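**Student:** Read top to bottom, the protein sequences are chains R and U. Everything in the first sequence is counted per this note's numbering, starting at 1 for the first residue and increasing by one. Everything in the second sequence is counted per this note's numbering, starting at 1001 for the first residue and increasing by one. We treat Cβ as the ideally placed atom computed from N, Cα and C, and that holds for glycine. Keep in mind that this is a model prediction, so the values were computed, not measured.
Number of protein chains: 2
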Amino acid sequence: MPERRTITGFSNPTVKFLRSLRDKKHRKREGKFLAEGLRLLTDARLAGVLPEMLVMATGRDDHPLLAELESAVAAAGGEIVEMDEAVLSKVTGKDNPQAVAGVFAEFETSLSSIDRTSAPIWLVAQALRDPGNLGTMLRTGDAVGAGGLILIDDCADPFSVEAVRASMGAIFTQRIGRATWAEFIEWLRADEGQLVAASLREAVDYRKAAYRAPCFLMVGNESQGLPEECELACDLRVTIPMLGRADSLNAAVAGAVLAYEALAVLRQ
Amino acid sequence: MPERRTITGFSNPTVKFLRSLRDKKHRKREGKFLAEGLRLLTDARLAGVLPEMLVMATGRDDHPLLAELESAVAAAGGEIVEMDEAVLSKVTGKDNPQAVAGVFAEFETSLSSIDRTSAPIWLVAQALRDPGNLGTMLRTGDAVGAGGLILIDDCADPFSVEAVRASMGAIFTQRIGRATWAEFIEWLRADEGQLVAASLREAVDYRKAAYRAPCFLMVGNESQGLPEECELACDLRVTIPMLGRADSLNAAVAGAVLAYEALAVLRQ
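What follows is the structure in structure tokens.
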């Protein structure tokens, strides 16, 4: 059995460290993030990503996937820690915590590390504020075979517990880029790539548009939408029917409707 | 100027009543719900729905839409209440509350009150637990010209503040039905209507399916998906491509992808 360290007290430095990872500032300083739950950690393992530290509740149920995970972490030289469920509650901030959590090193998010030719579709979000929307976009990206999600300007943190959870494991399979708008557009135009957004401005029906790979599908901020500058820089502006009273869709929904349409066209 | 009642204390019964509406049990007992923000309340007004009570912060900015709202509520015999921002914070549970909120009577949600021929598309959610997903489905329903959202079995409360907010006003334009699965399927089969769900079971490509109005598009619980019984009862089972590692989409995203596909087919 791999070596395990047992933690009992709430004031243990490891507990404090783990709790601090719920905070964006600390995540950034440490370059680490937290993912909770056996399913998420198994998704990570199957994607070839192991936690640097595996945290397990002492009263957990045995599970073959957990045993596999523990062996893999130990074999990779990771740390394995056990703690009471009460202490784990403090770490996860939930009354009924998942029985297992992991600390991961944050991924490289520079645009220069992204190979745009590796996938036909890329999702792009500008000033997306809701971590749930961000995670949902990662999940959708995984489903449509996108290469990843590029975050423009001041977006929610993709390594927050909420975004990681909403991604349903796609945080481990999708590439993540982070850049300002100026950096992004310079990078995009240095090579081929079609930038597409939903818009009301001289736009074509999203069902009749000529999507081309690599296709970058961009959505904007939840309340403001996309800045004019971003819309105008697009190679293709499309309209999604809005038959009711509202004038926009949820950002993650708009991204998904575009992504599935582009996927259907690009697969033809 | 309409008559306004000013509330100063935190322990005022109206404040307690308003706060209690954040709780499902109290909403159910009172048959009322809370909607916050000038935009949401204006959406309601434009949809012909006025709050029974309009609550405004004393330090609010003047706004022509707020003046119109206040006049309309007063003309309809509604109550108008002013309170300090600090007191309003207690009501809304937010540090920076919207300057205005309204108390609405909950809508009729029996299936017998729904006219299925009034729209080509209806969304159906079974055991949907997340109020944000529920609100997002209402918002999508508005956009695709759906008639409403039918909630099967134990779903999140459509009148919760979170669901109302995520609906972006669609709570006031979409019909809401609530029923058990047995009640729903009996009601559905008593007249025409095609029941459709995403499924892996003997399913056809969702891009090649023969959607027929009135088309009921059903999604399942966030973690469990649809029970076998519900899938088997469908007239049409469709598959949405899942090219990545994950085996499902976010429930609200799946509903939206289906709804936009059905819309495109039904409009042809």
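Establish whether the CB of Asp1142 of chain U and some CB of chain R are separated by less than 8 Å.
**Tutor:** Yes, because at least one Cβ of chain R sits closer than 8 Å to the Cβ of Asp1142 of chain U.
**Student:** Have a look at the DSSP bridge pairing and note the partners of Cys1215 of chain U.
**Tutor:** Answer is U:Ile1121 and U:Gln1194.
**Student:** Do you know offhand how far Ala76 of chain R's Cα is from Gln224 of chain R's?
**Tutor:** 45 Å
**Student:** Please classify Thr1008 of chain U: is it buried, with 16 or more other beta-carbons within 10 angstroms of its beta-carbon, or exposed?
**Tutor:** exposed
**Student:** What are the residues that DSSP puts in a beta bridge with Arg175 of chain R?
**Tutor:** R:Gly148
**Student:** What is the DSSP secondary structure of Ile240 of chain R, reduced to helix, strand or coil?
**Tutor:** coil
**Student:** Quick check on Ser112 of chain R: buried or exposed, where buried means 16 or more other Cβ atoms within 10 Å of its Cβ?
**Tutor:** By the C-beta density criterion, Ser112 of chain R is exposed, having fewer than 16 other C-beta atoms within 10 angstroms.
**Student:** Given that a residue counts as buried once 16 or more other Cβ atoms are within 10 Å of its Cβ, and exposed if not, what is Thr92 of chain R?
**Tutor:** buried
**Student:** Are Ile176 of chain R and Phe104 of chain R closer than 8 Å when you measure CB to CB?
**Tutor:** no
**Student:** Taking just the CA atoms, how far does Gly102 of chain R sit from Glu270 of chain R?
**Tutor:** What the structure shows of chain R is the stretch from 1 to 268, and residue 270 of chain R is not part of that stretch, so it cannot be assessed.
**Student:** Can at least three beta-carbon pairs, one atom from the stretch 180-191 of chain R and one from the stretch 254-263 of chain R, be found at a separation below 8 Å?
**Tutor:** Judged by pairs of C-beta atoms under 8 Å, the stretch 180-191 of chain R does not touch the stretch 254-263 of chain R, as fewer than three such pairs exist.
**Student:** Quick one, are the C-beta atoms of Gln194 of chain R and Tyr211 of chain R less than 8 Å apart?
**Tutor:** yes
**Student:** Given a limit of 7 Å on CB to CB distance, which residues of the stretch 244-262 of chain R reach chain U?
**Tutor:** Gly244, Arg245, Ala246, Leu249, Asn250, Ala252, Val253, Ala256, Val257 and Tyr260
**Student:** Can you list the beta strand (DSSP E) stretches of 3 or more residues lying completely in the stretch 1009-1076 of chain U, in chain order?
**Tutor:** 1032-1036 and 1053-1057
**Student:** For a contact meaning CB atoms closer than 7 Å, what does Asp43 of chain R contact in chain U?
**Tutor:** Arg1245
**Student:** Could you work out which residues of chain R lie near Gly1093 of chain U, taking near to mean beta carbons separated by less than 7 Å?
**Tutor:** In chain order: nothing, as chain R lies at least about 18 Å away.
**Student:** Report all residues from its chain with a CB closer than 6 Å to the CB of Phe184 of chain R; omit the five preceding and five following residues, and keep chain order.
**Tutor:** Ile152
**Student:** Counting only beta-carbon separations shorter than 8 Å, does Arg139 of chain R have a partner in chain U?
**Tutor:** yes
**Student:** Could you name the residues that DSSP lists as bridge partners for Arg5 of chain R?
**Tutor:** R:Val81
**Student:** Output needed for Leu1123 of chain U: all residues of its chain with C-beta closer than 6 Å, excluding positions within five of it in sequence on either side, in chain order.
**Tutor:** Met1137, Gly1141, Ala1146, Leu1149, Leu1217 and Gly1255
**Student:** Under 7 Å, CB to CB, which of the residues in the stretch 4-17 of chain R have a partner in chain U?
**Tutor:** Within the stretch 4-17 of chain R, no residue qualifies.
**Student:** Below 9 Å on C-beta distance, what does Ala999 of chain U contact in chain R?
**Tutor:** Residue 999 of chain U is absent from the model: chain U starts at 1001 and stops at 1268.
**Student:** Is it buried or exposed, Arg1029 of chain U, if we count other Cβ atoms within 10 angstroms and call 16 or more buried?
**Tutor:** Flag for Arg1029 of chain U reads exposed.
**Student:** By the criterion of Cβ-Cβ separation under 8 Å, what are the contact partners of Leu1050 of chain U in chain R?
**Tutor:** In chain R, no part has a C-beta under 8 Å from the C-beta of Leu1050 of chain U; the shortest such distance is about 16 Å.
**Student:** Pull out every residue of the stretch 1163-1197 of chain U whose Cβ sits closer than 7 Å to any Cβ of chain R, in chain order.
**Tutor:** Correct list: Met1168, Gly1169, Ala1170 and Thr1173.
**Student:** Could you tell me whether the Cβ atoms of Phe1172 of chain U and Arg1027 of chain U are closer together than 8 Å?
**Tutor:** no
**Student:** Alpha carbon to alpha carbon, how far is Ser1089 of chain U from Thr1058 of chain U? Give it in angstroms, no decimals.
**Tutor:** 12 Å
**Student:** Note down the Cα distance separating Glu1052 of chain U from Val1073 of chain U, rounded to an integer number of angstroms.
**Tutor:** Rounded to the nearest angstrom, the two C-alpha atoms are 7 Å apart.
**Student:** May I have the straight-line CA-CA distance separating Ala1119 of chain U from Leu1263 of chain U, to the nearest angstrom?
**Tutor:** 11 Å
**Student:** Straight-line CA distance for Asp115 of chain R to Ala203 of chain R?
**Tutor:** 29 Å
**Student:** Ends of the beta strand (DSSP E) at Phe104 of chain R?
**Tutor:** Val100 to Ala105
**Student:** Could you check if Ala86 of chain R is buried or exposed, using at least 16 other CB atoms within 10 Å of its CB as the buried criterion?
**Tutor:** exposed
**Student:** DSSP three-state label for Asn1133 of chain U, please.
**Tutor:** helix
**Student:** What are the residues that DSSP puts in a beta bridge with Asp247 of chain R?
**Tutor:** Paired residues: none, contrary to the question.
**Student:** Consider the Cβ of Thr1136 of chain U: report whether some Cβ of chain R lies at a distance smaller than 8 Å.
**Tutor:** yes
**Student:** If we ignore side chains and look at the alpha-carbon of each, how far apart do Pro1064 of chain U and Leu50 of chain R end up?
**Tutor:** Taking the straight line joining both Cα atoms gives about 56 Å.
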